[in-house]
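Since the structure comes first, as C-alpha cells, the remarks are kept for the end.
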Amino acid sequence: MLSTIFSRLITGYFFIFLLLVGAGIYSISRIQALNQTITSIVERDNRLIFLKQKLSESILSQTQTVSKYRIVKDKKLYELILDYDREIKRHIAELERLIQGSGREAIADSIASKYREYFKLITGRDKKALSEKERERLKEALLEELFRALKTLQDYAEGSAKEKIAKTHVAGQRAVTLTLTVTILSIMIGLFISVITTRSIVRPLSLIKGQMKRIASGSFEGKAEIASPLELKELADTFNYMSEKLKEVDRMKNDFYAVMSHELRTPLASIKEGSKILMEGYMGELSDKQRMILDIISKESLRLIEMVNNILDLSKLEAGMVRFDFREMELDSLIKRVIYEITPLAEGKRIGIKTEFSYTDVIMVDPERIMHVMRNLIGNAIKFTPENGTITIGTEKRDRNVIVSVKDTGPGIPEQYIENIFDKFTQVNQSRYKYMKGTGIGLSIVKHIVEAHGGKVWVESKEGHGSTFYFSLPL
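Residues in the sequence shown are numbered from 23 upward in steps of one, following my numbering.
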C-alpha cells in the first residue's frame, strides 16, 4: 500500500513526539529520584540530628533538676523530672520510628535501655542498696554511656546525610549526562527522521521539476518515474500523460511544417522563375511599374523560399536526418568568406566589420554548416545594428575549444528573452524593430549545428548596450 504525504508526516512527527516524551519522562524520573533523596535527608537524617540535640539537652536538664531536687525536696521539681522523662521517652519513640529498617536499630535500643537504667537510678526506682557515692559514680558512668550512644547516633545521621549527598551528586551528574545523551540522541534521531521524511517528498518533486525543465527546453524524452508518495505518484502519472500529449503535438506540428514547407517549395520556385522570365522580357516589353512589381514578387518569393528551406533544415536537424561532412579547415578562412559575401549588406548601412582572430589553425568542421552559422549570426548583427555601428568578429582558444564571437552595437536583448533566445520560433519583441521580424528559427538552426559539432552556443547581452553571440567548437 502506497503511503501518502500526510501519513509520512504524521508518522515522522509521531516518532519525534515519542522521543521527546521519552526524554521528558526520563528527566522527570531523575528529578523525582533527586527530590526523594533530598526529602530523606531533610525528614530523616536532619531530624535524627535534631532529636540527638533535644535528647542531650533534655537529659542534661533532667540531671540538673535531679540535683536540685535532692537538696530542696520540692514536689514541683519532682514533677519537672517526670515531665523531662515523658519528653525524653517521646523523643526516643520518634527516634526508634525513624531509624527502623535502616539496620542501625541497635543505636536506638542502646539509647532507650541506657536511659531507662539511668532514670531508675536517679529516681531511686532501681531498688539497689548502693551508697550515695556508688550511686553517683554509677550515674556518671551511665550518663557517659548515654551520651556516647547519642554521639554514635549523631555520627550515624551525619554520615548517612553525607553519603546521600555524595550519592545525590553522583546521581545528579549521571542524570545530567544521561539526560544530555538522551536529548542529543533524540535530536539526532528526530533530525534523521525529518531528513528522511523530507527527502521522500522533495526528491520526487525534484524529479518532476527536472522533467518540467526538459520539456520547457523542448525535450519531451524521458518520464518522471515515481513510486511514492501516493499524491506525487498521481501527479507524476498525470505529468507523464501531459508530456506524451505535448510530444505528440510537437511531432504533429513538425510534420505539418515539413509537409507544408515541402509543398510550398515547388509553387514558390515556379513563381520565382516565372517572374524572372517576365523581367527578362521574354513575354514582351515591361513598363517601369510592371518591372517594379515583378521585382517585389521575385524578392518576396526568394524570401519565402529561404524561409521554407530553413523550416525544412530545422525539421531534418531535429529528426537527426542531416549528414555532416567533417573536414579539416582553417576557421578564419571560412569566416572571411562569409564576411566577403555579406559585406555589401553592411556597407549599405555604413556598418564597419572588424576581425580579431587569435586562432588561425585548422579545425575539424563541416564547412558549409559552419558558414551557415556565421551567415546567420553576422546577418542578425547587421539587421539589428544601427547605421554607422560596428560589428566585431573574433576567435580565441580556451582549453580544448575554439570560441567564436560575433559582437554588435545594436539595442541588445531584454533579459527575459536571453534564456530562450535559441528556442525555435522565439522572437524578441522590440517595437522599434518590428519591421525586421523573421521566422524565429535561425538561431535554433545555429544551436543544432553547433551542438552537432560537439560545441555550445550562448549569448551575453544587456539591453541598450549591444549583444555578443558565442559558440564553441572542440579541437
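Virtual Cβ for every residue (Gly too), placed ideally from N, Cα, C.
Just so it is clear, the structure is predicted and the values come from calculations on it, not from any experiment.
Quiz item: Hey, which unbroken runs of the alpha helix (DSSP H) at 4 residues or more fall wholly within the stretch 429–486?
Solution: 437–440, 464–474
Quiz item: Going by the CB atoms, is the gap between Leu-102 and Leu-70 shorter than 7 Å?
Solution: Counting from 1 along the sequence shown, the entry for residue 70 is found at position 48. Counting from 1 along the sequence shown, the entry for residue 102 is found at position 80. No, they are not a contact pair.
Exercise. Closer than 8 Å by C-beta to Tyr-100: which residues in its own chain qualify, once you throw out the five before and the five after it? Chain order, please.
Key: Along the sequence shown, one-based indexing puts residue 100 at 78. Cβ neighbours of Tyr-100 beyond the five flanking positions: Tyr-91.
Quiz item: For Lys-419, does the three-state DSSP call read helix, strand or coil?
Solution: In the sequence shown, the residue the question calls residue 419 occupies position 397. DSSP places Lys-419 in strand when its eight states are reduced to three.
Self-check item: Outcome for Tyr-362 when other beta-carbon atoms lying within 10 angstroms are tallied against a minimum of 16
Solution: Locating residue 362 in the sequence shown gives position 340, where the first residue counts as 1. By the 10 Å Cβ count, Tyr-362 comes out exposed.
Quiz item: Of all the options Lys-255, Ile-209, Thr-382, Ala-291, which has the alpha carbon lying nearest to the alpha carbon of Arg-225?
Solution: Here the question's residue 225 lines up with position 203 in the sequence shown. The shortest C-alpha separation from Arg-225 is found at Lys-255.
Quiz item: In the DSSP assignment, what are the bridge partners of Arg-413?
Solution: Here residue 413 is taken as the residue at index 391 of the sequence shown, counted from 1. Here residue 413 turns out to be Ile, not Arg, going by the sequence shown. DSSP lists Ile-375 as partners of Ile-413.
Quiz prompt | Same chain only: Cβ atoms within 8 Å of Glu-350, ignoring 5 sequence neighbours per side | solution = For the purposes of this step, residue 350 is taken as residue 328 along the sequence shown, with counting starting at 1. Closer than 8 Å at the Cβ level, and outside the excluded window around Glu-350, lie Val-384, Ile-385, Met-386.
Quiz item: Whose C-alpha, out of Val-344, Leu-334, Ile-209, Lys-298, is nearest the C-alpha of Glu-322?
Solution: Walking along the sequence shown from the start, residue 322 turns up at place 300. Nearest option by C-alpha distance: Lys-298.
Practice problem: State the CB to CB distance for the pair Arg-359 and Glu-409, rounded to an integer number of angstroms; the pair is presumed to be in contact (CB under 8 Å). | Solution: Numbered from its first residue, the sequence shown carries residue 359 at position 337. Numbered from its first residue, the sequence shown carries residue 409 at position 387. Not really, about 25 Å apart at Cβ, beyond 8 Å.
Quiz item: According to DSSP, is Ile-230 helix, strand or coil?
Solution: To locate residue 230, count along the sequence shown from 1; it is residue 208. In the structure shown, Ile-230 sits in a helix (DSSP, three-state: H, G or I).
Quiz prompt | Beta-carbon proximity check, Gly-411 vs Thr-382, cutoff 7 Å | solution = Mapped onto the sequence shown, residue 411 falls at position 389. Mapped onto the sequence shown, residue 382 falls at position 360. No, they are not a contact pair.
Practice problem: Identify every residue that forms a DSSP beta bridge with Leu-200. | Solution: By 1-based counting over the sequence shown, the position of residue 200 is 178. According to DSSP, which records beta bridges pairwise, Leu-200 is partnered with nothing at all.
Quiz item: Does the distance from the CB of Ser-489 to the CB of Val-479 come in under 7 Å?
Solution: Here the question's residue 489 lines up with position 467 in the sequence shown. Here the question's residue 479 lines up with position 457 in the sequence shown. Going by C-beta atoms, Ser-489 is not nearer than 7 Å to Val-479.
Quiz item: Distance, Cα to Cα, Glu-154 vs Ile-144?
Solution: The count along the sequence shown starts at 1 and reaches residue 154 at position 132. The count along the sequence shown starts at 1 and reaches residue 144 at position 122. Going by the C-alpha atoms only, they are around 11 Å apart.
Exercise. Express the C-alpha separation of Met-301 and Met-314 in angstroms, rounding to a whole number.
Key: Taking the sequence shown and counting its residues from 1, the one referred to as residue 314 is at position 292. Taking the sequence shown and counting its residues from 1, the one referred to as residue 301 is at position 279. Roughly 9 Å separates the two Cα atoms.
Self-check item: Environment of Phe-28 [buried if 16+ CB atoms lie within 10 Å]
Solution: Start at 1 with the first residue of the sequence shown, and residue 28 comes out as number 6. Classification for Phe-28: exposed.
Quiz prompt | CB of Gly-434 within 7 Å of CB of Ser-427, strictly | solution = In the sequence shown, counting from the first residue as 1, residue 434 sits at position 412. In the sequence shown, counting from the first residue as 1, residue 427 sits at position 405. No, these two residues do not count as a Cβ contact at 7 Å.
Quiz prompt | Endpoints, alpha helix (DSSP H) assigned at Glu-139 | solution = One-based indexing of the sequence shown puts residue 139 at position 117. Its alpha helix (DSSP H) spans residues 127–145.
Exercise. Please state whether DSSP places Val-43 in a helix, a strand or coil.
Key: On the sequence shown, residue 43 is found 21 positions in, with the first residue counted as 1. Helix.
Self-check item: Cβ-Cβ distance between Asp-388 and Phe-346 below 7 Å
Solution: Reading the sequence shown from its first residue, position 366 is the one you call residue 388. Reading the sequence shown from its first residue, position 324 is the one you call residue 346. The answer is yes: Cβ separation under 7 Å.
Quiz prompt | Span separating the alpha-carbon of Thr-87 from that of Ala-171 | solution = Mapped onto the sequence shown, residue 87 falls at position 65. Mapped onto the sequence shown, residue 171 falls at position 149. Approximately 22 Å, taken between the alpha carbons.
Quiz prompt | Residue environment, Thr-377, which counts as buried when at least 16 other CB atoms sit within 10 Å | solution = Reading the sequence shown from its first residue, position 355 is the one you call residue 377. Its Cβ having fewer than 16 others within 10 Å, Thr-377 is exposed.
Quiz item: For Thr-490, which three-state DSSP category applies?
Solution: Reading the sequence shown from its first residue, position 468 is the one you call residue 490. Strand.
Exercise. Return yes when the Cβ of Val-204 is within less than 7 Å of the Cβ of Tyr-48, no when it is not.
Key: Your numbering for residue 48 matches position 26 in the sequence shown. Your numbering for residue 204 matches position 182 in the sequence shown. Contact flag set, yes.
Quiz item: What are the boundary residues of the beta strand (DSSP E) that includes Arg-349?
Solution: Walking along the sequence shown from the start, residue 349 turns up at place 327. Looking at the DSSP string, the run of the beta strand (DSSP E) that includes Arg-349 is 349–352.
Quiz item: Where does Gly-464 land, buried or exposed, given buried means 16+ other C-beta within 10 angstroms?
Solution: The count along the sequence shown starts at 1 and reaches residue 464 at position 442. It is buried - the Cβ of Gly-464 has at least 16 other Cβ atoms within 10 Å.
Practice problem: Please report how far the alpha carbon of Arg-273 lies from the alpha carbon of Pro-436, in whole angstroms. | Solution: Locating residue 273 in the sequence shown gives position 251, where the first residue counts as 1. Locating residue 436 in the sequence shown gives position 414, where the first residue counts as 1. Cα to Cα, Arg-273 sits roughly 30 Å from Pro-436.
Quiz item: Could you check where the alpha helix (DSSP H) with Ala-395 kicks off and where it finishes?
Solution: Mapped onto the sequence shown, residue 395 falls at position 373. Correcting the residue type first, residue 395 is Val in the shown sequence and not Ala. 389–406 is the span of the alpha helix (DSSP H), which, as asked, contains Val-395.
Quiz item: CA-CA distance, Gly-486 and Glu-369?
Solution: The sequence position of residue 486 within the sequence shown is 464, counting from 1. The sequence position of residue 369 within the sequence shown is 347, counting from 1. Taking the straight line joining both Cα atoms gives about 23 Å.
Quiz prompt | Reference Leu-257; option with closest CA among Val-271, Glu-270, Met-234, Gln-176 | solution = Here residue 257 is taken as the residue at index 235 of the sequence shown, counted from 1. For the residues Val-271, Glu-270, Met-234, Gln-176, the minimum Cα distance to Leu-257 belongs to Met-234.
Quiz item: Between Thr-407 and Leu-252, is the Cβ-Cβ spacing less than 7 Å?
Solution: Counted from its first residue, the sequence shown places residue 407 at position 385. Counted from its first residue, the sequence shown places residue 252 at position 230. Against a cut-off of 7 Å, the Cβ pair of Leu-252 and Thr-407 comes out as no contact.
Practice problem: Please go through the stretch 53–87 and give each complete beta strand (DSSP E) segment of 3 or more residues, from N-terminal end onward. | Solution: none
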